[in-house]
Each structure stands twice: as C-alpha cells, then as structure tokens.
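Engineer:
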Amino acid sequence: MFSNMGWNIDMLHIAASGPHASDLVRLGEERRVDPAGDYDERAWAHVSAAGVTVVSRRFFDSDVVEMLAGTRTAVTHLAIGSTGGVYLLEAYRDGSRVRRLIEIDTGEGDEDFGEPLPGEESVDEEYTEDKFFALFSAITGVEDLGFLTNAELTLVESPQLVLDFG
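What follows is the structure, encoded as structure tokens:
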C-alpha cells in the first residue's frame, strides 16, 4: 500500500454517525492537493461518505482529540512517525477510548489495549506502516486512502488540532 514512503503523518477520522462530523470541525475555503506529500503542517480534511478524515504532518493535540471523542461520535486517530518507527492507532467510541495499539520498530514499548474492533481480523499486512494504514481503513470504513497522495483537501479552521511547538 504505502510502505517505505517515509510517512510522518497524523490522521483523525470523525465518523458521520452521531452528531454530523461537519458540526465538529469547521472547514475553511482554502483548498489544496496533496498536503500529505509536502511540508504544509496545517490540518487538512477529506470528506467522504464515511465522515471527515483530517490529516497533518504535525502531531494533533491529544486534548482536542479527546474533546472530539467526548461528543460520543466515533473517532479514530492514527499517527505514523516512520522515520522513527513509531505507529499509533487509537479508537474512541461512545466517548471513551476502546482501543489503542502502539508499535515501535525496536520492539520495545509496544502496547495493545482493548478488544480488537470489527474489521481488524481482516488485516494481514506485515510491514508496520501498511498494517496501520490498513487497520485505520478497516476500523473507519474509509476504503480508499488515495486522498493521501492525490486529492483536493480543505483547510480545517477549527478546532485547532495541530500542536504548535514554535
């Protein structure tokens, strides 16, 4: 799928069920193609039938992720820092974190919290990046992650998801 691409990316999927996803994030007028492939570090959204998927090259603020999950909307968070070999997947359902997977290429610090979610059993990729992208797809129902490499995305104006270190 996407292996060996050197990803450093955060993705947040806000399901369309419950409060409509667009009620939780406000999208701006600015649009661009391929923000995941350049160095624009703001948050960009792709809207599909499965909900809103937000992507950024910077880390999302965990407090904001938890605030969005607290709305009782299904929220799934994926972080891939492949240059450091760190992979994180978190799933929130009904306001609580129900699943958390962390893998580190060194094999140290791996974590597996919660029961496997529907769709996880169908993922058989071995390479860690591909496995985590496939898990994200299986859990969220976002079948095509092609928007990461070539699609028009919309700037997320609020809430401020991206951590500002400078």
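Read the sequence shown against this note's numbering and you will find it ends at 514, with the numbers running on by one and no gaps. Positions of the beta carbon are idealized from the N, C-alpha and C atoms, including for glycine.
(1) With Leu478 as the anchor, note down where its alpha helix (DSSP H) starts and where it stops.
(2) Could you check what DSSP says for Asp358 in three-state terms: helix, strand or coil?
(3) Pick out whichever of Phe407, Thr419, Met415 has its Cα sitting closest to the Cα of Leu426.
(4) Take Ser351 and list the residues in its own chain whose beta-carbon comes closer than 8 Å to its own, dropping the five residues that flank it on each side.
(5) When you compare only the Cα positions, how much space is there between Phe480 and Val490?
(6) Does DSSP put Phe408 in a helix, in a strand, or in coil?
(7) Where do the N-terminal and C-terminal ends of the beta strand (DSSP E) with Thr497 fall, by residue?
(8) Rounding to the nearest angstrom, what Cα-Cα distance links Ala482 and Glu377 in this structure?
(9) Is Glu374 near Trp392, with beta carbons less than 8 Å apart?
(10) Do you know how far the Cα of Ser410 is from the Cα of Asn356?
(11) Considering only DSSP beta bridges, list what Leu375 is partnered with.
(12) Beta-carbon within less than 8 Å of Leu511's beta-carbon, same chain only, minus the 5 sequence neighbours each way: which residues are those?
(13) So the beta strand (DSSP E) Glu389 belongs to, where does it begin and stop?
(14) Span of the beta strand (DSSP E) holding Thr460?
(15) With three or more beta-carbon pairs closer than 8 Å as the criterion, would you say the region 437–457 touches the region 415–423?
Structural biologist: So, to answer that:
(1) What you label residue 478 is simply residue 130 of the sequence shown in a count that begins at 1. It should be noted that the sequence gives Asp, not Leu, for residue 478. Where Asp478 is concerned, the enclosing alpha helix (DSSP H) stretches over 476–488.
(2) Taking the sequence shown and counting its residues from 1, the one referred to as residue 358 is at position 10. Here Asp358 carries a strand assignment [DSSP, helix/strand/coil].
(3) Here residue 426 refers to the residue found at position 78 of the sequence shown. Minimum Cα distance to Leu426 is reached at Phe407.
(4) Counting from one through the sequence shown, the residue named residue 351 turns up at place 3. Unreliable placement is indicated for Ser351, whose pLDDT of 46 sits below 50; no coordinate value is reported for it.
(5) Numbered from 1 along the sequence shown, position 132 holds the residue referred to as residue 480. Numbered from 1 along the sequence shown, position 142 holds the residue referred to as residue 490. So the two alpha carbons sit approximately 13 Å from each other.
(6) Here residue 408 refers to the residue found at position 60 when the sequence shown is read from its first residue. Three-state DSSP puts Phe408 in a strand.
(7) For the purposes of this step, residue 497 is taken as the residue at position 149 of the sequence shown. Segment: none, Thr497 is in no beta strand (DSSP E) and carries neither H nor E.
(8) Your numbering for residue 482 matches position 134 in the sequence shown. Your numbering for residue 377 matches position 29 in the sequence shown. If you take the alpha carbons of Ala482 and Glu377, they lie about 30 Å apart.
(9) Residue mapping note: residue 374 aligns to position 26 of the sequence shown, counting from 1. Residue mapping note: residue 392 aligns to position 44 of the sequence shown, counting from 1. In the sequence as displayed, the identity of residue 374 is Arg instead of Glu. No, the Cβ-Cβ distance between Arg374 and Trp392 is not below 8 Å.
(10) Position 8 of the sequence shown, counted from the start, is the residue given in the question as residue 356. Position 62 of the sequence shown, counted from the start, is the residue given in the question as residue 410. Their Cα atoms are separated by approximately 17 Å.
(11) Start at 1 with the first residue of the sequence shown, and residue 375 comes out as number 27. BP columns for Leu375 point to Val504.
(12) As a working note, residue 511 is residue 163 in the sequence shown. Excluding positions up to five away in sequence, the list reads Arg406, Phe407, Phe408, Asp409.
(13) Start at 1 with the first residue of the sequence shown, and residue 389 comes out as number 41. First-last for Glu389: undefined, no H or E at that position.
(14) As a working mapping, residue 460 is identified with position 112 in the sequence shown. In the sequence as presented, Thr is not what sits at residue 460; that position holds Asp. It spans 459–461 - the beta strand (DSSP E) in which Asp460 sits, taken as one unbroken run.
(15) With a cut-off of 8 Å, the region 415–423 and the region 437–457 count as touching, because enough Cβ pairs lie within range.
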